[in-house]
Amino acid sequence: MIDKLRNADRRRVGALAAVGDRWRALPKWQRALGFLAFVVFLYYLPLLGIPGLTWLRTDSISGGSNWAGVLFTCAVYVLVAIGLNVVIGLAGLLDLGYIGFFAIGAYAVALFGSVNSPVVKWFQQEFDLPPTWAVTWAVCAFIALVLALISGVLLGWPTLRLRGDYLAIVTLGFGEIIRIVARNSENVTNGPQGISAIPGPEGPPSPDNQIFGLVDVKPWYWLALTVVLVMVFAVRRLEHSRVGRSWLAIREDEDAAAVMGVYPFKFKLWAFAIGAALGGFAGFLFGSRYAFIDPTQFNVNLSILFVAMVVVGGSGNMVGVSLGAVLLAYLPERFREIADYRWLAFGLAMVLVMILRPQGLIPSRRRARELKDRAAEAEEAPAHV
């Protein structure tokens, strides 16, 4: 049975490779048109009504979730996966506490933008401000980015001298520390009660909001998708820069990279800070959309799910990690008929992927070549003994 599955996976990989070769052989203007058509289709998804494809909608089943809401979640998770791919896929740092940065971004807009926040109330009393005063949404976006980036630097500065499992344990503890602090700091975060009335681009939740309300989620998805496209472009440029090449060198062999003149600590700190900023901005969008957060939304299970997106999709490949994020966010909502067995199905799928496709569904071409060379070396090793 396993051999049949492996053969089927080899045929799938061969078909994808053939499609990829044909795509790269096309002229640049044709590839640009194809990419533009794909982007237009992504923006059209909330309105999806093409016969034969409507079954993809999560609201096409009884008791299904709001289709645009699921798309928004997919977009936020893709942004998380892109940020975590910088840390894990490019720099080779195992971060199990990424949910901490996500929570920092969400609490940044809640603490400074909501009139129900203890921080905003303190500012109102201290500076004699009106009871409706709060930091604007756009400024909160900048605050979320800065706080997440600073937290990445503060976490990475003492811990990035660790490697492997030790680093994973420290980052896992960081994620739990953020959640516990948010739960216990009632004078700052409202504790387990959470914070409501978190603003969006049009201000606090209100029936007067014409675009970014709580009922129509399509504008939120389009906003998140726009952010994802901008970040994809920025991270892609960064990946092919001197910094990106330094990350890849550190991922493969940190000691060899240091001998060749790459300062590992500096570039690992850059990866941690950039990944943290992307995770924080994803949390900022999450908090703005739902207008309410509490500590239970940032548990360790979600952090493990973030790592699973990168591993399942293909560490080091932005397309792969995006696919992993979409699948892990979309499939549980589409197949709610088996809601009681979702985690069992998820676990079985993870086991199958690790057995049949340990490099991920769509691994990076560089990573695939590396794994192929290592497998060849492992097969030749007994012959030299």
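Taking the numbering used here, I'd label the letters of the sequence shown as residues 77 to 461.
Yeah, the Cβ is synthetic: ideal placement off N, Cα and C, and Gly gets one too.
Residue i: first and last residue of the uninterrupted alpha helix (DSSP H) it sits in
i, result
"PRO340", "340-366"
"TRP298", "294-315"
"GLN286", "Here GLN286 belongs to no alpha helix (DSSP H), and DSSP marks it neither H nor E."
"LEU464", "Given that the chain is displayed from residue 77 to residue 461, the structure contains no residue 464 and the question cannot be resolved."
"LEU187", "175-189"
"GLU330", "330-335"
Reduced DSSP category for residue i - H, G, I as helix; E, B as strand; rest coil
i, result
"ASP79", "helix"
"GLY165", "helix"
"THR279", "Note that residue 279 is Gly in the sequence shown here, rather than Thr. Correct three-state label for GLY279: strand."
"PHE382", "helix"
"SER227", "helix"
"SER322", "helix"
"SER272", "strand"
"ILE137", "coil"
"ILE431", "helix"
"VAL461", "Unreliable placement is indicated for VAL461, whose pLDDT of 46 sits below 50; the coordinate value is still reported in the next sentence. Here VAL461 sits in coil by DSSP."
"ILE126", "coil"
"ASN377", "helix"
"TRP99", "helix"
"ASP204", "coil"
"SER398", "helix"
"LEU420", "helix"
"MET426", "helix"
"LEU404", "helix"
"PRO209", "As written in the sequence, residue 209 is Trp, which differs from the Pro given in the question. Three-state result, TRP209: coil."
"VAL411", "The question names Val, but residue 411 is Phe in the sequence shown. Coil, per DSSP."
"ILE158", "helix"
"PRO439", "coil"
"GLY392", "coil"
"LEU147", "helix"
"LEU170", "coil"
"ALA84", "helix"
Assigned exposure category for residue i - 16 Cβ within 10 Å defines buried
i, result
"MET385", "buried"
"TRP198", "exposed"
"LEU420", "exposed"
"GLU413", "exposed"
"ARG133", "buried"
"VAL461", "Caution applies to VAL461, whose pLDDT of 46 falls short of 50 and renders its modelled position unreliable; the value that the coordinates give is listed next. Exposed: under 16 other Cβ atoms inside 10 Å."
"ARG365", "buried"
"ASN161", "buried"
"GLU262", "exposed"
"LEU112", "exposed"
"TRP143", "buried"
"LYS104", "exposed"
"GLY207", "The residue asked about is misnamed: residue 207 is Pro in this sequence, not Gly. With fewer than 16 Cβ atoms within 10 Å of its Cβ, PRO207 is classed as exposed."
"GLN435", "buried"
"ALA300", "buried"
"LYS80", "exposed"
"GLU328", "exposed"
"ASP284", "exposed"
"SER136", "exposed"
"LEU102", "exposed"
"TRP296", "buried"
"LYS344", "buried"
"THR25", "Here the chain comprises residues numbered 77 to 461, so residue 25 is not present and cannot be evaluated."
"THR130", "exposed"
"MET394", "buried"
Beta bridge counterpart(s) of residue i as assigned by DSSP
i, result
"ILE369", "ILE271"
Please go through the region 212-267 and give each complete alpha helix (DSSP H) segment of 4 or more residues, from N-terminal end onward. You should have 213-235, 240-260, 262-265.
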